[in-house]
Amino acid sequence: MLALRKSLTAPASLGWSYPDPCKWPHMVCFESNWVTRIQIGHQGLGGMLPPDLNALTQLEHLELQFNGIFGPLPSLSDLSSLQVLMLSNNQFDSISAGFFDGLSSL
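In the UniProt record's numbering, the protein residues as written are 1 to 106.
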């Protein structure tokens, strides 16, 4: 999650200053340990998604729609719990090989 914060340009109003991502607005965690939802659509974000987003194996919802995120979409093949993926209205320029592999709950 810290790599996500570093890779995206986010307005200060987003409130991602706490060291614990489970205390960030627009994040939902299970038992304060695992991020299960990232709901940052319509937040005026820019930058690229980090490859280690794939390490969030408990993630169920990833909502990034209507931002200015660009570059390649990293593989999400380890996110077998992912049920909701919203990526529309960004500027992604490619999808990694095997992007949908392992997304058995989508």
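The beta-carbon is built from N, C-alpha and C at its ideal position, and this holds for glycine as well.
Same chain only: Cβ atoms within 6 Å of residue i, ignoring 5 sequence neighbours per side
i   : result
L56 : V35
CA-to-CA distance, residue j to residue i, given in whole angstroms
i    : j   : result
L82  : N67 : 20 Å
D52  : S7  : 11 Å
S105 : V28 : 18 Å
L73  : L79 : 14 Å
P21  : I69 : 20 Å
Beta-carbon proximity check, residue i vs residue j, cutoff 8 Å
i   : j   : result
G41 : T9  : no
S77 : N54 : yes
G71 : D93 : yes
I95 : L62 : no
Spatial neighbours of residue i in its chain, beta-carbon cut-off 7 Å, leaving aside the 5 residues before and after
i   : result
L64 : I40, G41, M86, L87 and N90
Cβ neighbour criterion (16 or more within 10 Å) applied to residue i
i   : result
L49 : buried
L59 : buried
L2  : exposed
Endpoints, alpha helix (DSSP H) assigned at residue i
i  : result
S7 : L2 to S7
Beta strand (DSSP E) segment containing residue i, residue limits
i   : result
C22 : Element bounds for C22: n/a, residue is neither H nor E.
T36 : W34 to Q39
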